[in-house]
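Undergrad:
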Amino acid sequence: DAGITQSPRHKVTETGTPVTLRCHQTENHRYMYWYRQDPGHGLRLIHYSYGVKDTDKGEVSDGYSVSRSKTEDFLLTLESATSSQTSVYFCAISDGRMGDIQYFGAGTRLSVL
Amino acid sequence: GQQLNQSPQSMFIQEGEDVSMNCTSSSIFNTWLWYKQDPGEGPVLLIALYKAGELTSNGRLTAQFGITRKDSFLNISASIPSDVGIYFCAGTGANSKLTFGKGITLSVRP
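Here the protein sequences come in this chain order: A and B.
With the working numbering applied, the first sequence covers 121 to 233.
With the working numbering applied, the second sequence covers 6 to 115.
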């Protein structure tokens with residue numbers, strides 16, 4: 121398994137509260153990604169990072185922010201969680217180019233009540 | 006933008022049967038990947054394809070990179086219960102970004 125750890129694995133929170141999800145890798149890969157997975161939508165890219173402090177938006181970035189202060193850590197923050205952000209969140213990593221094979225973490229199941 | 010089409014959304018087969026899944030696009034792709042996601046887990050890479058016409062096997066799985074570079078298929082032979090899960094295709098096209106299909110959920114009846 122690629123060395124990717126997501127924490128927490130499960131979280132229940134209330135609408136309007138801030139939430140931070142963490143992705144930690146031990147592979148020293150350059151690229152890190154955050155996806156959300158919802159029934160009927162597959163995997164949708166939220167944000168990605170191509171280096172320390174270098175990040176860019178994906179297709180569903182509204183309501184989310186990210187930070188990457190170290191190569192190994194990529195944080196996803198929901199500033200004020202909404203029920204529409206209830207989802208399963210996956211972190212992925214890749215080496216080399218943007219289109220390279222991505223390796224996924226085990227996911228975080230988030231419920232916003 | 007680049008899109009990958011996988012259909013149907015769900016497939017139901019009997020244990021022991023073979024199953025084939027397609028992934029199609031109107032755009033040309035340079036790399037095709039097939040992932041499987043077990044319930045409660047993240048997607049895991051099954052097969053990677055890098056050249057048009059390439060045929061690659063991984064155990065009971067076989068995948069091909071279409072000659073037109075606009076499609077790929079995955080074949081699972083002699084299915085077993087642990088083959089259940091969601092199968093995603095993914096590809097890298099002209100924009101150099103990895104695009105994912107929406108996945109096919111496979112159920113295997115014993």
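Where a beta carbon is used, it is the ideal one built from N, C-alpha and C, also for glycine.
#1: What is the residue span of the beta strand (DSSP E) that ASP176 (chain A) lies within?
#2: Can the beta-carbon of LEU195 (chain A) be found less than 8 Å from the beta-carbon of VAL186 (chain A)?
#3: Measure the C-alpha to C-alpha separation of GLY227 (chain A) and MET152 (chain A) and round it to an integer number of angstroms.
#4: Answer yes or no: do ALA201 (chain A) and VAL139 (chain A) have a C-beta to C-beta separation smaller than 8 Å?
#5: Could you tell me which uninterrupted beta strand (DSSP E) segments, each at least 3 residues in length, are contained entirely in the stretch 135–170 of chain A, listed from first to last along the chain?
#6: Can you list, in chain order, the residues of the stretch 153–180 of chain A whose Cβ is nearer than 8 Å to any Cβ on chain B?
#7: Counting contacts by CB-CB distance shorter than 8 Å, is PHE105 (chain B) in contact with chain A?
#8: Are the CB atoms of TRP39 (chain B) and GLY96 (chain B) nearer to each other than 8 Å?
#9: If you check the beta carbons only, do LEU51 (chain B) and LYS41 (chain B) fall under 8 Å apart?
#10: For GLN126 (chain A), list the residues DSSP reports as bridge partners.
#11: From what residue to what residue does the beta strand (DSSP E) around VAL49 (chain B) run?
TA: According to the structure data:
#1: Here residue 176 (chain A) refers to the residue found at position 56 when the first sequence is read from its first residue. Residues 174–177.
#2: Counting from 1 along the first sequence, the entry for residue 195 (chain A) is found at position 75. Counting from 1 along the first sequence, the entry for residue 186 (chain A) is found at position 66. Cβ atoms of LEU195 (chain A) and VAL186 (chain A): closer than 8 Å.
#3: Residue numbering aside, residue 227 (chain A) sits at position 107 when the first sequence is read from its first letter. Residue numbering aside, residue 152 (chain A) sits at position 32 when the first sequence is read from its first letter. C-alpha separation (whole angstroms): 14 Å.
#4: As a first step, residue 201 (chain A) must be located in the first sequence, where it is residue number 81. As a first step, residue 139 (chain A) must be located in the first sequence, where it is residue number 19. Yes. Within cutoff.
#5: 139–145 and 151–158
#6: GLY160, HIS161, GLY162 and LEU163
#7: Along the second sequence, one-based indexing puts residue 105 (chain B) at 100. It does: the Cβ of PHE105 (chain B) has a partner Cβ on chain A nearer than 8 Å.
#8: Against the second sequence, residue 39 (chain B) aligns to sequence position 34. Against the second sequence, residue 96 (chain B) aligns to sequence position 91. No, these two residues do not count as a Cβ contact at 8 Å.
#9: Counted from its first residue, the second sequence places residue 51 (chain B) at position 46. Counted from its first residue, the second sequence places residue 41 (chain B) at position 36. Cβ atoms of LEU51 (chain B) and LYS41 (chain B): closer than 8 Å.
#10: Numbered from its first residue, the first sequence carries residue 126 (chain A) at position 6. According to DSSP, which records beta bridges pairwise, GLN126 (chain A) is partnered with A:CYS143.
#11: The sequence position of residue 49 (chain B) within the second sequence is 44, counting from 1. Element bounds for VAL49 (chain B): 49–54.
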